[in-house]
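Accompanying notes for the structure given below.
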Amino acid sequence: MEIINIIGSESVRPKPEILDALKRDYPLEASIADLVDNSIDAKSKKILVRLNLEQEAIKSLEVIDDGCGISKNKMNSAMQFAFKRKYKKKDLGMFGVGLKVASLSHANILTVFSKTKKNSEVGRQWTTSGILNSNWKLNIIDINTAKKFLQRKFDGLSLSKHGTIVRWDEIDDFKRIQTGWEEFIYKIKQRICLHLGLKMHRLIQRKKIKIMIQLYDEEKKESGPVEMIEALSPFPIGQFGEQGYPKQYKAKIGASLITLNAHICQSGRAKGCKDPQLFRQKANDPSDRAI
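Just so you know, the sequence shown maps onto residues 6 to 296 in our numbering.
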């Protein structure tokens with residue numbers, strides 16, 4: 006074997022343009038689901054997805070939860086790309102990029118406000134301009150601003166003791182729409198509800214979490230009704246595509262014997278799905294094969 010002589014080393018920072026590679030092929034609803042994953046890992050019981058409207062446009066999007074929150078000491082780590090904390094077996098996150106990549110795939114500004122039971126409010130903010138033009142500068146939010154955002158009244162949940170708000174501003178997808186706003190907003194809501202209802206159906210069915218969605222009018226300071234996102238099981242009880250299903254199979258992996266439950270799902274028959282055509286589209290979407 007030839008010897009390779011190492012004469013030294015140097016640190017090479019990633020170019021800010023790495024964001025372009027990270028942004029590709031990240032559907033809006035899948036990005037929001039990544040934020041919801043983080044909320045679940047934070048032991049949230051209630052999660053609210055809120056679309057903030059202004060002048061017939063979606064000004065911003067917020068995912069609000071009543072989880073344990075992020076302390077000031079841990080906030081910078083939470084905002085760092087690829088920071089890996091100690092993950093528990095049941096945690097949904099793994100690689101430390103979900104929050105940042107999911108958010109900056111769609112928004113030019115990502116702001117996180119949080120509060121823990123024992124620590125005061127804290128806020129940090131990434132902007133694409135700060136990354137591209139200012140050498141990865143992370144903005145520090147004034148504590149009074151963080152308090153103002155966290156102390157707002159939300160329908161269906163309270164952040165008085167602890168919780169987190171993840172906020173997107175300057176969302177690319179929303180800025181492109183010039184006409185047909187009501188239909189666009191309806192379809193956005195449907196996509197979010199369907200994706201979260203499918204992906205989180207077991208947790209919702211078992212009443213481990215409540216996931217809600219709401220429209221909020223920034224100009225009038227008026228909240229729309231809170232809508233509960235329903236569990237959309239791809240395997241509804243008693244509704245199977247073929248007689249004799251579900252079936253069980255045994256498979257050996259190494260020294261372990263596992264049981265596989267095989268289902269055949271009836272197309273467009275997910276319980277609670279108000280749009281069977283939309284359900285069929287999602288069933289054929291490669292990004293949603295692993296539910």
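Ideal Cβ positions, reconstructed from N, Cα and C, are used throughout, including at glycine. These numbers come from a predicted model, not from an experiment.
Own chain partners of residue i with C-beta closer than 6 Å, once the 5 adjacent residues on each side are dropped
{"i": "Gly128", "result": "Phe118, Ile146, Ala151"}
{"i": "Glu232", "result": "Ile218"}
{"i": "Ser44", "result": "Ile52, Asp70, Gly72"}
{"i": "Gly229", "result": "Gln219, Leu220"}
Per-residue burial, residue i [other beta carbons within 10 Å of its own, 16 or more giving buried]
{"i": "Tyr250", "result": "exposed"}
{"i": "Met80", "result": "buried"}
{"i": "Ala267", "result": "exposed"}
{"i": "Thr264", "result": "exposed"}
{"i": "Ser110", "result": "buried"}
{"i": "Asn126", "result": "Looking at the sequence shown, residue 126 is not Asn but Glu. It is buried - the Cβ of Glu126 has at least 16 other Cβ atoms within 10 Å."}
{"i": "Tyr191", "result": "exposed"}
{"i": "Lys20", "result": "exposed"}
{"i": "Tyr262", "result": "This sequence places Leu at residue 262; Tyr is not what is there. Label assigned to Leu262: exposed."}
{"i": "Ile69", "result": "buried"}
{"i": "Arg211", "result": "exposed"}
{"i": "Arg55", "result": "buried"}
{"i": "Asn49", "result": "Here residue 49 turns out to be Ser, not Asn, going by the sequence shown. That one is buried."}
{"i": "Asp42", "result": "buried"}
{"i": "Glu188", "result": "exposed"}
{"i": "Tyr221", "result": "buried"}
{"i": "Lys252", "result": "exposed"}
{"i": "Ser139", "result": "exposed"}
{"i": "Ile148", "result": "exposed"}
{"i": "Lys153", "result": "exposed"}
{"i": "Leu66", "result": "buried"}
{"i": "Ile176", "result": "buried"}
{"i": "Lys213", "result": "exposed"}
{"i": "Lys204", "result": "buried"}
Same chain only: Cβ atoms within 8 Å of residue i, ignoring 5 sequence neighbours per side
{"i": "Ile209", "result": "Gly202, Lys215, Ile216, Ile234, Glu235, Ala236"}
{"i": "Ser108", "result": "Ser36, Leu40, Leu115, Trp131, Val171, Trp173"}
{"i": "Cys198", "result": "Ile218, Glu232, Ile234, Glu235"}
{"i": "Leu24", "result": "Leu109, Thr133, Ile136, Leu137"}
{"i": "Tyr31", "result": "Val106, Ala107, Ser110, His111"}
Coil, strand or helix - residue i by DSSP
{"i": "Asn10", "result": "coil"}
{"i": "Trp131", "result": "strand"}
{"i": "Arg274", "result": "Low confidence applies to Arg274: its pLDDT is 49, below 50, so where it sits in the model is not reliable enough to give any reading."}
{"i": "Asp42", "result": "helix"}
{"i": "Phe86", "result": "coil"}
{"i": "Asn124", "result": "coil"}
{"i": "Ala107", "result": "helix"}
{"i": "Lys79", "result": "helix"}
{"i": "Ile263", "result": "strand"}
{"i": "Lys153", "result": "helix"}
{"i": "Leu115", "result": "strand"}
{"i": "Leu24", "result": "helix"}
{"i": "Ile269", "result": "coil"}
{"i": "Leu66", "result": "strand"}
{"i": "Asn138", "result": "helix"}
{"i": "Ile148", "result": "helix"}
{"i": "Leu33", "result": "helix"}
{"i": "Gly168", "result": "strand"}
{"i": "Lys51", "result": "strand"}
Beta-carbon contacts of residue i that lie in its chain and below 7 Å, excluding the five residues immediately before and after
{"i": "Lys194", "result": "Ile218"}
{"i": "Glu59", "result": "Glu223, Glu224"}
{"i": "Gly259", "result": "none"}
{"i": "Lys166", "result": "Lys122"}
{"i": "Asn124", "result": "Ser76, Lys77"}
{"i": "Lys255", "result": "Leu262, Thr264"}
C-beta atoms of residue i and residue j nearer than 7 Å
{"i": "Lys120", "j": "Leu155", "result": "yes"}
{"i": "Asn57", "j": "Glu223", "result": "yes"}
{"i": "Arg196", "j": "Glu34", "result": "yes"}
{"i": "Glu15", "j": "Trp186", "result": "no"}
{"i": "Ala112", "j": "Cys73", "result": "no"}
{"i": "Phe86", "j": "Lys64", "result": "no"}
{"i": "Gly168", "j": "Asp71", "result": "yes"}
{"i": "His200", "j": "Ala38", "result": "yes"}
{"i": "Ile179", "j": "Leu53", "result": "Note that residue 179 is Phe in the sequence shown, not Ile. Not closer than 7 Å, so no."}
{"i": "Leu143", "j": "Met84", "result": "yes"}
Any non-hydrogen atom of the ligand HEM within 6 Å of residue i CB
{"i": "Leu265", "result": "Inclusion of the ligand HEM in the displayed structure is not the case, the ligand content being empty and no account of it being possible."}
Sequence ranges, alpha helix (DSSP H) only - wholly within the region 171 to 258, length at least 4: Within the region 171 to 258, the complete alpha helix (DSSP H) runs of at least 4 residues are 177 to 180, 186 to 204, 206 to 210.
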